[in-house]
Amino acid sequence: MSKFNNQVVLITGASAGIGAALAQEFASQGANLVLLARRTEKLAAVAAAIDSTGEKVLTVACDVSKDGELEQAVNLARSKFSKIDIAIANAGWSLKGNLENLSLDDYRLQWETNVFGVLRTIYATLDDLKQTQGSLVIISSVKSYISLRGDSPYSSSKFALRALCESLSAELAPYGISVTHICPGYVATEIRQIDNQGNFHGDWQEHVSPKLLRSAKQTAQQIVQAIDRRQQEQVLTYYGKFVVLLKRHLPGLLSWLISRMEIKVVAK
Ligand SMILES: NC(=O)c1ccc[n+]([C@@H]2O[C@H](COP(=O)([O-])OP(=O)(O)OC[C@H]3O[C@@H](n4cnc5c(N)ncnc54)[C@H](OP(=O)(O)O)[C@@H]3O)[C@@H](O)[C@H]2O)c1
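Heads up, the sequence shown is in our numbering, so the first residue is 13 and it goes up one at a time.
The structure is reproduced here in structure tokens:
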């Protein structure tokens, strides 16, 4: 029997992509699920594919960028399942552009979901995790280690999450709570079909090479493994691991490689 059988797992941003795949993976291991997102029809479809009876899944409409919504969702979770063992702050998106073409409000918009949304998730679930000596999981990115031109809103938000995880690992250890910082590389999801206002475009084509893309399912399986081991950090994909290795030990070489790659991109 899986360690996660009858554990309660709360996932933000569970209506699509990595969040939906995590829901499927935990469900296959017998977990009870609290699934949060703004698009309730998509959330309902994810839940129906997992458990049509609704006994093991609770879906709650929740915008992580809004004060109070996570507390409401967590209250509903407590009423249904009485506890939370694992909280996964996954909701996030990517706002792109050079600083000169963006405004302060653009950065606020990005950070309101990617950073403050994660903090809201932590504050709302902390008491429950203390009671269960559970796991806090932050879905960050390889971009918490590397920030390319035009990527400062997103990368700065993910750099902030890495710092948050580093502090919280030490701060929450005395309560028996593990903190896991997850750094995916490119995953085949909807993330690159969202514009800078947060709107979804079903007709936008994936521009990342298939060679670099992982499936959401495989990503979710690796994340669940890292949670099982209560790992402090998991960097996914071979090139993600390579980037982190260079950043730590040969940052000058990494900067040089990036500048070479960017020249090629411009020359294309
Ligand atoms: N895909 C990649 O290449 C990649 C790489 C590294 C890291 N990541 C990270 O992985 C996480 C999941 O992204 P994904 O790739 O699975 O993208 P996705 O397919 O676009 O899914 C994003 C999820 O986040 C939810 N979400 C966005 N804003 C929200 C908000 N304000 N409140 C509540 N939910 C919100 C969306 O649901 P609703 O729209 O229904 O609210 C959706 O369920 C993100 O943190 C992302 O930064 C992704």
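The C-beta atom is built at its ideal place from N, Cα and C for all residues, glycine as well.
Keep in mind it's a predicted model, so treat the numbers as computed, not measured.
According to DSSP, simplified to helix, strand and coil, what is residue i?
i: Ile194; result: strand
i: Leu47; result: strand
i: Gln230; result: helix
i: Phe254; result: helix
i: Phe16; result: coil
i: Ser271; result: helix
i: Ile189; result: coil
i: Ala99; result: strand
i: Ile158; result: coil
i: Thr125; result: helix
i: Val69; result: strand
i: Val21; result: strand
i: Val199; result: strand
If I'm right that residue i touches residue j with Cβ under 8 Å, what's the distance once you round it to whole angstroms?
i: Ala228; j: Val247; result: Wrong, their Cβ atoms sit about 17 Å apart, outside the cutoff.
i: Leu88; j: Leu70; result: 6 Å
i: Ile2; j: Val21; result: Residue 2 lies beyond the residue range present for the chain, which begins at 13 and ends at 280; the question has no answer from this structure.
i: Ser181; j: Arg242; result: That pair is no contact at about 10 Å.
i: Leu47; j: Ala59; result: 6 Å
i: Leu131; j: Leu184; result: The Cβ separation is near 14 Å, so there is no contact.
i: Asp140; j: Lys108; result: Contact flag wrong, Cβ pair sits at about 35 Å.
i: Ile30; j: Thr249; result: With a Cβ gap of about 13 Å, Ile30 and Thr249 do not count as contacting.
i: Cys195; j: Ser221; result: Contact flag wrong, Cβ pair sits at about 19 Å.
i: Ala39; j: Ala32; result: Going by Cβ atoms, the distance from Ala39 to Ala32 rounds to 11 Å, so no, they are not a contact pair.
i: Arg226; j: Gly197; result: 7 Å
i: Ser169; j: Asn126; result: 4 Å
Who are the Cβ neighbours of residue i in its own chain at under 6 Å, not counting the five residues just before and after it?
i: Glu245; result: His193
i: Gly129; result: Val76, Ser77 and Ala103
i: Ser167; result: Lys155 and Ser159
i: Gln209; result: none
i: Tyr119; result: Pro165
i: Lys142; result: Tyr187
i: Lys68; result: Asn44
i: Ala85; result: Leu48, Val72 and Cys74
Which residues bound the beta strand (DSSP E) around residue i?
i: Gln243; result: That residue, Gln243, is in no beta strand (DSSP E); it is neither H nor E in DSSP.
i: Ser91; result: Here Ser91 belongs to no beta strand (DSSP E); instead the alpha helix (DSSP H) covers Glu81 to Phe93.
i: Ile62; result: No beta strand (DSSP E) holds Ile62; the alpha helix (DSSP H) holding it covers Thr52 to Ile62.
i: Ser147; result: Ser147 to Ile151
Please list, in chain order, all residues of the same chain as residue i whose beta carbon is under 8 Å from its beta carbon, the five residues on each side excluded.
i: Arg161; result: Asn110 and Glu274
i: Asn17; result: Gln41, Gly42 and Ala43
i: Glu124; result: Ser77
i: Lys280; result: Because the pLDDT of Lys280 is 48, which lies under 50, any placement of that residue in the model is unreliable, and the number read from its coordinates should be weighed accordingly. Cβ neighbours of Lys280 beyond the five flanking positions: none.
i: Trp216; result: Arg204 and Gln205
Return the chain-ordered list of same chain residues with a C-beta closer than 7 Å to the C-beta of residue i, the five sequence neighbours on each side being excluded.
i: Lys259; result: Tyr157, Ile158 and Leu266
i: Ala28; result: Lys54, Thr201 and Glu202
i: Ile270; result: Leu160
i: Phe212; result: Glu202, Gln205 and Ile206
First and last residue of the alpha helix (DSSP H) that includes residue i?
i: Ile134; result: Phe128 to Thr144
i: Val76; result: That residue, Val76, is in no alpha helix (DSSP H); it is neither H nor E in DSSP.
i: Gln36; result: Gly29 to Ser40
i: Leu184; result: Ser164 to Leu184
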